[in-house]
Each structure stands twice: as structure tokens, then as C-alpha cells.
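2 protein chains.
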Amino acid sequence: MTGSAAQPNEGEQYVVGVDFGTLSGRALVVRVRDGEELGTAVHEYAHGVMDAHLAATGAALPPEWALQDPNDYRDVLRHAVPAAIAEAGVDPADVIGIATDFTASTPLPVFADGLPVCEAPEFRDRPHAYVKLWKHHAAQAHADRINAVAEARGESWLPRYGGFISSEWEYAKALQLLEEDPEIYERMDHWVEAADWIVWQLCGQYVRNACSAGYKGIWQDHEYPSPDFEEALNPDFVGFAKSKLDHRIGALGERAGGLTVQAARWTGLPVGIAVAVGNVDAHVTAPAARAVEAGQMLAIMGTSTCHVMNHDQLVEVPGMCGVVDGGILAGSFGYEAGQSGVGDIFAWYVDSQVPERYVQAARDAGESIHDHLTSLAFAEPPGAHGLVALDWVNGNRSVLVDAALTGLMIGQTLRTRAEQGYRALLEATAFGARMIVETFGVSGVPVREFVVAGGLLRNRLLMQLYADVLRMPISIIGSEQGPALGSAIHAAVAAGAYDNVRAASETMGRVARAVYRPDPTAAEVYDRLYAEYRLLHDHFGRGGNDVMKRLRQLRLEASA
Amino acid sequence: MTGSAAQPNEGEQYVVGVDFGTLSGRALVVRVRDGEELGTAVHEYAHGVMDAHLAATGAALPPEWALQDPNDYRDVLRHAVPAAIAEAGVDPADVIGIATDFTASTPLPVFADGLPVCEAPEFRDRPHAYVKLWKHHAAQAHADRINAVAEARGESWLPRYGGFISSEWEYAKALQLLEEDPEIYERMDHWVEAADWIVWQLCGQYVRNACSAGYKGIWQDHEYPSPDFEEALNPDFVGFAKSKLDHRIGALGERAGGLTVQAARWTGLPVGIAVAVGNVDAHVTAPAARAVEAGQMLAIMGTSTCHVMNHDQLVEVPGMCGVVDGGILAGSFGYEAGQSGVGDIFAWYVDSQVPERYVQAARDAGESIHDHLTSLAFAEPPGAHGLVALDWVNGNRSVLVDAALTGLMIGQTLRTRAEQGYRALLEATAFGARMIVETFGVSGVPVREFVVAGGLLRNRLLMQLYADVLRMPISIIGSEQGPALGSAIHAAVAAGAYDNVRAASETMGRVARAVYRPDPTAAEVYDRLYAEYRLLHDHFGRGGNDVMKRLRQLRLEASA
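Going down the list, the sequences are from chains A and B. Numbering-wise, our numbering puts 25 at position 25 of the first sequence, and it's gapless, one number per residue. Going from the second sequence to our numbering is simple: count from 1 and add 1000.
(1) Taking the Cβ atom as the reference point for each residue, do residue 558 (chain A) and residue 15 (chain A) lie within a distance shorter than 8 Å?
(2) Three Cβ pairs or more, each shorter than 8 Å: is that satisfied between the segment 190-207 of chain A and the segment 248-259 of chain A?
(3) If you measure from the beta carbon of residue 352 (chain A) to each beta carbon in chain B, is any gap under 8 Å?
(4) Between residue 1472 (chain B) and chain A, is any beta-carbon pair separated by less than 8 Å?
(5) Exposed or buried, what is residue 57 (chain A) when buried is set at 16 or more other beta-carbons lying within 10 Å of its beta-carbon?
(6) Are residue 1442 (chain B) and residue 1299 (chain B) touching if we call contact CB-CB under 8 Å?
(7) DSSP three-state call for residue 1123 (chain B): helix, strand or coil?
(8) How would you label residue 521 (chain A), buried or exposed, when you count the other beta carbons within 10 angstroms and need 16 or more for buried?
(9) Counting only runs that start and end within the segment 349-399 of chain A, where is the alpha helix (DSSP H) found for 4 or more residues in a row?
(10) Verify the CB distance criterion: does residue 1430 (chain B) have a CB-CB separation below 8 Å to chain A?
(11) What whole-angstrom Cβ distance do residue 533 (chain A) and residue 440 (chain A) have, given they're in contact under 8 Å?
(12) At a Cβ threshold of 8 Å, is residue 1423 (chain B) touching chain A?
(13) Does chain A have any CB closer than 8 Å to the CB of residue 1344 (chain B)?
(14) Residues of chain B with a CB under 7 Å from the CB of residue 559 (chain A): which are they?
(15) Starting from residue 1212 (chain B) and walking both ways along the alpha helix (DSSP H), at which residues does that stretch end?
(16) Kindly indicate which three-state DSSP category residue 1339 (chain B) falls into: helix, strand or coil?
(17) Hey, is residue 1012 (chain B)'s beta-carbon within less than 8 Å of any beta-carbon in chain A?
(18) Is the segment 58-78 of chain A touching the segment 449-463 of chain A in the sense that three or more CB pairs, one from each, lie closer than 8 Å?
(19) Look at the alpha carbon of residue 500 (chain A) and the alpha carbon of residue 472 (chain A), and state the distance between them as a whole number of angstroms.
(20) Short of 9 Å Cβ to Cβ, which residues in the segment 535-551 of chain A face chain B?
(21) Give a yes or no on whether the C-beta atoms belonging to residue 107 (chain A) and residue 191 (chain A) are separated by under 8 Å.
(22) Taking just the CA atoms, how far does residue 27 (chain A) sit from residue 1554 (chain B)?
(23) Using 8 Å as the Cβ pair cut-off and three pairs as the minimum, do the segment 223-242 of chain A and the segment 151-162 of chain A touch?
(24) Please report the residue range of the beta strand (DSSP E) in which residue 1475 (chain B) lies.
(25) On the CB-based measure, 16 or more other CB atoms within 10 Å of its CB, does residue 1360 (chain B) come out buried or exposed?
(26) Apart from the five residues just before and just after residue 48 (chain A), which ones in its own chain have a Cβ nearer than 7 Å to its Cβ?
(27) Just checking: is the beta-carbon of residue 1140 (chain B) within a distance shorter than 8 Å of some beta-carbon in chain A?
(28) Grab me the residues of residue 1560 (chain B)'s own chain with a C-beta within less than 6 Å of its C-beta, minus the 5 sequence neighbours each way, in chain order.
(29) Is residue 101 (chain A) buried or exposed, if buried means 16 or more other CB atoms sit within 10 Å of its CB?
(30) Could you tell me whether any Cβ in chain B is nearer than 8 Å to the Cβ of residue 301 (chain A)?
(31) How about residue 68 (chain A): is its Cβ closer than 7 Å to a heavy atom in the ligand SAM?
(32) Could you tell me the alpha carbon to alpha carbon distance between residue 92 (chain A) and residue 268 (chain A), rounded to whole angstroms?
(33) Let's see if you can read the secondary structure: which residues bound the alpha helix (DSSP H) around residue 482 (chain A)?
(34) Let me check understanding here. Comparing Cα to Cα, which of B:1401, B:1105, B:1255 and B:1174 lies closest to residue 1498 (chain B)?
(35) Tell me which residue opens and which closes the alpha helix (DSSP H) that residue 1187 (chain B) is part of.
(36) So what does DSSP say about residue 220 (chain A), is it helix, strand or coil?
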């Protein structure tokens, strides 16, 4: 299909946003003028997540490993982008820019020219040569050492991460690489986020994006951790930042370069169009949801929840995941927090604690089991179940920052029903969100509006619950492809169609404001339940009774 | 069938024990010489439990009521006794005595001759004229007043009941009767336990048995609560003990009288044979299980657990249900404790928290869902589930004595499975039992052996768990009709075939000693879990955090 002069889209310009997820990549074609989404396509990674075996050899991988093959990312460019253009029915010649976002931290070792080390034939059989996906959790021991050393040395950057560097991030994974496969570590020229590697593939330029460099690479106040710190971790780690990490930093929305001839051949897009600096899937969603002003907290609610928000001051909020200058929007301080289990907890409960008669009734009613339990549970007023739960079934990522915490449910009687336990868990996640919001507030980073993206926004009673618990209006993103739309917005900025991401967000972003407003009567009851949640949160989370850690220890011993 | 001289049972003597339960009565024919059980029969109460409507009028009953019609008890004598004799194939002429046991406290108002007030035609339509079954819980407000007044006045008998008089007992139900239907209260001559009324029906003599008089009637040190106490409750209650309650007390195993002509016609048994003093179903089981010596705690484990044990000293154990001189065995102090939810909790969990695939797998394997969950749960070593629970889903009856307490489960992760939660609840009940055993021990009433009767003894892994948690051998009653066999033992004593209940128990009782012995390795892990249970027990049960009570209050408000 060609955009002939006779067609109504004459003179229109388009951008392509590509969202690289855990199992697939999605391309979205968007009209620059107004953000209209015209076509989309998904391409699944041929190798998916390698968490049991290395595909090249069939060799078993140790527990907690999660690798990917970087060529799968190129395939998304080869397949999903042309397919999305075709579905949109636009002339590729009218596409003025492309931008990408990625899971993070998802780093890989590469040679000086950007070739992944795993693509050198002599290293195809080496697990450490591959991409370490965000959920590769085998570097926990290394993260523990990083945190212990940083705390002992009083590193100034540690509070920027709520006092805690994750095993998922660049440093922990690099230290594991050094100590478990020093040859690969030695041979790699760069330790690159996939978010930046894909941009490099598109435009031939290596630019580290400010978002992942800040949140995942400990880049703070224009520098990385010192060689002294590196030496305290491992003498062979000295020089890591300088030789393997340090590179040009690009602001979000900046042009990284022009589309190469090779990438143009992959994508079918014009040579030389703008390729934006890379981005992270959660953060890139903020402009898509028009949640870029101070006080607008965006919550991407799915299996877990990631919260991102801008603010004009640098403040150290207890237990946040990170604060990064320009981490969400150039010129603002971007804050990130998170709840490590949300939809995951609901799914676990449905799978392990809900009798068949509910599943059957949901099927008979033609609704999902989650919708069925939700409507049953909310048929009675707040507080009628007599329960309170903690939302720590998958640990606690923000405020307490303790992965060893576990679940708690209190108040069961012989009349307690399955849907009541389900509701208590929904409420627990809302209380967890309120704990984060309040912690930001008392730290001087007030939250005024809660904007929701992600799959859970479809549960309307859950959204109303959040409004009631937070006593705050809940706004809802207007796109089903938030990250890809966010990338498209960055592509438009990189192509010069808008002055900056804020301006592009205003026109191209999509949000329905204050769809849910607090019900004061319900909110009063939830205040009482939240008071109980806080008491339990502080007792079990701050050392009043470390039973959860002792039970975890016993579980590990008993299972060993 | 007659016992002719040619038959091998020539010269044998028999007794009949009749166990009056919640829904039916069971008669058991037992050989006096060795306790052999020869025949049994059950008769269901025609009116069952009247908890919604009064049968005579169809009128609705208020919440928490539970009435019975006393003529249903006579029908057990008319039907179950002859049927059991027939099944045993013995000559009724060889039966030398009959004894009964009953649920308690199950009182009814009667006229001077023993006629139930509800059998007077003018009172057939009055709910308060009927038997108030043990689980009639509508006198809670009256019990609360009794406890408050007794505590304020420092009544010396209050500690004999762990500081707590139950709404199920004679005083609370009588006070309700007085205040809600004073005419019936006025017209009744006696407020009689059904346990004693049925004996009265058999032998024409009203004898209050020492067991229910002590445990349910506040008869301590040969007296009832004082008129001053009665007046503090309600001026119209003055004289209750003296005029409505006080009567000859009979020791357990004593002959109350001889079988009347009328009762002989009902039962087919010889006129004049011994009728024993009444008894309570739990306590009467102790001699049946040969658990009458000091240190032998009998636990009747079913929907709830009742613990009874003899000791030679009078001690006030915190939170016990009661201590009564001769309450289990004449000449010993009988102690009672209880766990308000055991099998009930397991049933609740299976009904509300176990997915269909488990139910289906159990069906495929031809086993009960409880057996299926138990074997799955115990396939991994202790502590591997990482959970600890409190067994308060139906409140706490002993040690803390607080019906407002509720359940707690802690330690869930996204990998926690349904059978692991089930096991945590099994363990919680074992920890609850250990808490009772230890409280008795530190109070100077040591427990040496744990003897189990009741339906749960069939779960062998549960029994092993109790052995491991208690670090004590578990013995198992050898009869499936523990209460009826206990009654038969009392009948033999009343008939003079044995000198006393202890001697009859040695010969006629049935127990397998130390069937389960503690596994020291498992016991060490359970010690660690029990330490966690204790911390949580004391924190949530002794005022560290009264969240359970506040949630309950909120539940009541929200549901109102």
C-alpha cells in the first residue's frame, strides 16, 4: 500500500515505537499529529527465556538463571515492524522516527563493534556470553556483597536506591560474570543494556540511555561508583565502570543517530530517519499516560506494580527503588518504587486457594475467575470479611526492601469464604500502594494523582478500591499499548516533531482523568483496615518479630 | 433369641451403655467380664436440633438458639436399647445394669415429678420450655454478665473455670430463661441436666451427677454460688441454686436406683437392674480408654478437642475449662481443657481453600480429601512449607479463653501450595495442644501420656505429628464407641460387678499404648515452629496487638 496524493493521509507523519518484553516484542505505528494508533504487530522470541537449558548446547542452566539470545531482538525489527506498518496501511516513507523500550536491567557482553560475545562461534556454548534477562536472579550473593560493602563504606549513592542494589541490576550481574567466567568478562568491551544494544543495532551508535544508566547502572551525579569501591568487591573488578560501562549518556527523547542501511533493510523504514535513545518499559509509559508532572504517580499494575513519578527536587525517599536525574523526563528527577507481587498474588491465590465451585460458577457466568471472585467479594461492604493481609507473598520491594518477607493473613473464622480472602489480598496491595504514597509524601515528594496502566486496570472494582484506600482520584491510561506508545512519543521527539517529551505527551498521550473517585464512607472503613495493615507491616517488617525470616531459613534448611 | 443353658455364654453378665449425642443416641451391649462389645444400635432424634423453628408451632427461633425435644431421648431407650440387645444376641435377663452419658451442658426445666415443662400442653408453644442443647449460644450476654460480676466480686470458684463461665452452661442458660420467660422459670421446679433427667426417667430418682454439677453447674467445695452473687446478677435470680438446682449429688459409677417398670417396658431389660448416675460424653470416655491415672490426658479429637485428665491435687490451671472433685473419677480431681476448633478447621479449609484438582485426585485415588492432603503435605520434611498458623479459626477455649480470637497464617510465598496450608493448620492444632499440656505442666499438673479418642485418630500422620510436637507417646483408644463403652463400664460398677470405675476400666477399657512415639529429628524442627507459634500466640492473644478483636468489631459493624 502506498500513500498516494489522493489519499486523506497525505502529508501525515508517523513514528514507530517498539516495546521489547519478556517473551516478545511489539511494534506500534502511531500518527505524529495526534498519537492515533494505526497498526501493531507482535513477534515472539524464538528462544523465549532460557531458564532451564542453553539452546545452543542443550546444557542445563543452574537455578535462578534466565538468559536470552540477542538475535531474537533483531527478529522483532525484521518481522514486527514491517507487519505493523502493513497493518497500519501507511507508506513507510512517511515514517520519520523509531524508538524502543526494553525490560531492564537486561545486560549483555559485547565486543567493541557491538557484536554480542555469544555470537562469536567460540563462545556460543558459554552461558555467561548471553543476555542476562531482568529476572536472572542468580547474582543474589553478589548483590548482597555489593550492599554490604556499600553500606560499610557509606557510599553516597546507596540512599538513591533506597539503600539497596538489586541482584537484577548491572553491577551484580557483572560481578557474577567476572567471578564465574573471567575470560568472557575479560574479552567483552562493553557491558550493555539490551535497551541500548538494540538502539546501537538500529543506528550504529552506542549511547547509554539516562534511565537505565541511572536506575540500573548506579550512574549518579555524573559518575559511577569509585575504583576503591570496585576493589573492595574484588581486585579484578577495578576499572569495571571506566572500561566496560562508561560511555556517552543520552537524554530520553534525544536522537541517538540515523537508521542504518542494514536496519532499514530489516524494518522497511527509510534510511537515516531518527533513532531515539533507548528507554525502559515502565518509565517510557509515563508520557504515554500523560503522567509526567510532579505529583502524578504512574502505577503500571500487572503481575507486579512499578511506580514512577517526576519531581523537581532530589530527595532520598526511604525504600524507593531509585531516583535518577532525567530518569523519566529530561530536566526532572525521576522516582521509581515497586510492589513485587500484585497480579501474581491474585493468580497464586486463585490457583492454590479457590475451590472448583467458584471456577465453575465463573465459567457458567461467562466471566473470568478473577472477575467472579471480585464481584462476589465486593457484594458486601468493606470490613465485613473481618480480614487483613500483608501483600508480601512475593517479598517487599519498596519501603521495606526485603525479599525475605512473606505473606500474612489474619482474621479467619469458620465462616470465612474464599472470595473474602481474595478481597483481603486485593486490599493488601492497595494498602501497600498507600504505604509507598505516604512514604513519598512524608519525604517531601507528594503524590496528587494516581494514574494506572497495565492489565489490572480492567478490574473496575479493584480500581475503585485503590481510589478509596488512597483517598485519591484514579486516572486510567487510554492506550492498551502504553510502552509502545511511549516509545513512539520519544521517536517523535527525536525526529524533531515536538520540542520535548512533555509537549509530545500532551498531544500524543492518552489518559482518562479521575475515572474513579474516593467514596468517603468506604474510605473511612479502609482507614481502619489500613491502620491494622500498618501495625502488622511495622511489626513484621521492621524487626518486631522476624518470624518470616526464620521460617524462610527453616524452609531452606528443610528443603536442602 | 434366648440364652439357653446349652449356649457358651451361660453365666455371662452384660451391661448396656447409652451415649446421647447431638443428633442421635447409641446403645452398646458389653460383656461385663472383659468389656467385649457385642452389639450396638443407633436411634436418630425425630426433632434433631431445633435451631431455626420450634417443631410444635413452626415459629422461627432467634439466631444462636438450639433446642431439643426430651421425648426424643426416651425414644432412644425404646428403640436403640432393644435393637442393640437383639444385635448382641444376648438374653436381656443377663443384663445387670444400664448407664448413660450425654452432651453437656444440656439443661431443661422440669416439674417436681420430672415431667419436662415443654410436655405440659399449655407450654408446648414456648421455646424456653424445651431442652437447651449444649450449642445453644443465645445466652452469651448473660454469660458475659456472670463473668463480669464474678470477677468484680472475686468469687472463689471463678479460677476453677479458668476465669470464665461459658454461655453453654447451666447458669447462663438459666439466667436467660429467667429474663426472657419468667413464667416458665417460675413454674419449673428443677433446672436439670439431660444427663440426669434421662437417669430419672430410667430409675425414677433425681440424682445430679458430680461431673456436670461440677463442670457445668458451678458446684465447688460442696456448694453453689451464693445468694449475694445471684442477687448481683438479678434480684429475681436469688434462690436459684437453692430452689431450682440443689439436689442429691451422685458420684460417677454410683447406683442412682433400679430400673422402673415403665423403663423396663421401654428397654426390654429386667425391672430393678442397676441404673448408674449420669455422665458427660467426654469425661465418661476416660475409663473406656484406660486414661484414669494422673498424667494420662485423654483428648477426644473431633470437630473440636476436649481434654480430660485426673490429678490427685486441686490446682488452678490458667485457662482450663474446669477442675472438679470427682468430675471424672470419684476420689480424683478431674481437669478439663479444650480446643474450640480442630476437625472443624480442617473441614473449613477443605471447603473454602482447596482447589478441585485435589478433590479430583483424591477421588481418583479412592481416598478422602483429608487423607489425600495429609499424605501430600507430609511428603516433605517438617518446616519445608515455611508456614506457621494459629489454631484460632473458631476462637480459643483453653489457656487464653477468648472466643473473639481468629485465625492467622504466616509465611506464604508464590510457591505455597494448598496442602502446605492444610499441614500448617494440622500443626497449629498440635501446637495448641502442646500449649495446653505445657500450661498444665508448669501449673503442677504434669501430663505424661496423651491418649486419643474421637474420629481424628484415624489420621495416622496427624497422630505422629502430635507425638512429635508433644514429644510424648500417643496412645489410642481401642473402641470405636468410646462414650458408650465408658457408660457400660459405669453400669458394671453401679451393678456391683467391679469395686470401682478404676478396676472396671482396667478390665473393660481398651487402649493401644504408645502407638506413636516422637521422632527426635522431626521434634527438633517442630520445636522451632512451636517457638514461633508461642511468640504469635502471646503477641496476638495477650494484648500485644488486639487486631483480631478490632477486625471482629469491624466485621460486626459492617455486617449490621
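For each residue, glycine too, the CB sits at the ideal point set by N, CA and C.
If we stick to the structure as given:
(1) Counting from one through the first sequence, the residue named residue 558 (chain A) turns up at place 558. Counting from one through the first sequence, the residue named residue 15 (chain A) turns up at place 15. For residue 558 (chain A) and residue 15 (chain A), no; Cβs fall outside 8 Å.
(2) yes
(3) The sequence position of residue 352 (chain A) within the first sequence is 352, counting from 1. Output row for residue 352 (chain A): interface = yes.
(4) Position 472 of the second sequence, counting from 1, holds the residue named residue 1472 (chain B). No, no contact with chain A.
(5) Walking along the first sequence from the start, residue 57 (chain A) turns up at place 57. Result: exposed.
(6) As a position in the second sequence, residue 1442 (chain B) is number 442, starting the count at 1. As a position in the second sequence, residue 1299 (chain B) is number 299, starting the count at 1. It is not a contact, given that the beta carbons lie outside the stated cut-off.
(7) By one-based count along the second sequence, residue 1123 (chain B) stands at place 123. Helix.
(8) Counting from one through the first sequence, the residue named residue 521 (chain A) turns up at place 521. Exposed is the call here.
(9) 356-365 and 369-377
(10) Along the second sequence, one-based indexing puts residue 1430 (chain B) at 430. No, residue 1430 (chain B) does not count as interfacial toward chain A.
(11) Counting from one through the first sequence, the residue named residue 533 (chain A) turns up at place 533. Counting from one through the first sequence, the residue named residue 440 (chain A) turns up at place 440. With a Cβ gap of about 17 Å, residue 533 (chain A) and residue 440 (chain A) do not count as contacting.
(12) Residue numbering aside, residue 1423 (chain B) sits at position 423 when the second sequence is read from its first letter. It does not; no Cβ of chain A falls within 8 Å.
(13) One-based indexing of the second sequence puts residue 1344 (chain B) at position 344. Yes, residue 1344 (chain B) counts as interfacial toward chain A.
(14) As a first step, residue 559 (chain A) is located in the first sequence; it is residue number 559 there, counting from the start. Within 7 Å Cβ-Cβ: 1384.
(15) Counting from one through the second sequence, the residue named residue 1212 (chain B) turns up at place 212. Start and end: 1210-1217.
(16) Sequence index remark: in the second sequence, residue 1339 (chain B) carries index 339 (1-based). Strand.
(17) Position 12 of the second sequence holds residue 1012 (chain B). For residue 1012 (chain B), the answer is no, since every Cβ of chain A falls outside 8 Å of its Cβ.
(18) no
(19) Taking the first residue of the first sequence as 1, we reach residue 500 (chain A) at position 500. Taking the first residue of the first sequence as 1, we reach residue 472 (chain A) at position 472. C-alpha separation (whole angstroms): 29 Å.
(20) 535, 536, 539, 540, 544, 545, 547, 548, 550 and 551
(21) Here the question's residue 107 (chain A) lines up with position 107 in the first sequence. Here the question's residue 191 (chain A) lines up with position 191 in the first sequence. Cβ distance < 8 Å, so residue 107 (chain A) and residue 191 (chain A) count as in contact.
(22) Residue 1554 (chain B) sits at position 554 when you count from the first residue of the second sequence. Residue 27 (chain A) sits at position 27 when you count from the first residue of the first sequence. Going from the Cα of residue 1554 (chain B) to the Cα of residue 27 (chain A) covers about 50 Å.
(23) yes
(24) In the second sequence, the residue the question calls residue 1475 (chain B) occupies position 475. Element bounds for residue 1475 (chain B): 1474-1477.
(25) Within the second sequence, residue 1360 (chain B) is the residue found at index 360, counting from 1. Exposed is the call here.
(26) One-based indexing of the first sequence puts residue 48 (chain A) at position 48. Hits under 7 Å: 23.
(27) Indexing the second sequence from 1 puts residue 1140 (chain B) at position 140. Not one chain A Cβ lies under 8 Å of residue 1140 (chain B).
(28) For the purposes of this step, residue 1560 (chain B) is taken as the residue at position 560 of the second sequence. Around residue 1560 (chain B): no qualifying Cβ.
(29) Within the first sequence, the letter at position 101 stands for residue 101 (chain A). Classification of residue 101 (chain A): buried, given that the 10 Å Cβ count is 16 or more.
(30) Here the question's residue 301 (chain A) lines up with position 301 in the first sequence. No, because no Cβ of chain B sits closer than 8 Å to the Cβ of residue 301 (chain A).
(31) Here there are no bound small molecules, and the ligand SAM is not part of this structure.
(32) As a working mapping, residue 92 (chain A) is identified with position 92 in the first sequence. As a working mapping, residue 268 (chain A) is identified with position 268 in the first sequence. One C-alpha to the other measures close to 7 Å.
(33) As a working note, residue 482 (chain A) is residue 482 in the first sequence. Element bounds for residue 482 (chain A): 482-494.
(34) For the purposes of this step, residue 1498 (chain B) is taken as residue 498 along the second sequence, with counting starting at 1. Nearest C-alpha to residue 1498 (chain B): B:1255.
(35) Walking along the second sequence from the start, residue 1187 (chain B) turns up at place 187. Where residue 1187 (chain B) is concerned, the enclosing alpha helix (DSSP H) stretches over 1182-1187.
(36) Locating residue 220 (chain A) in the first sequence gives position 220, counting from the first residue. Looking at residue 220 (chain A) - three-state DSSP - the assignment turns out to be strand.
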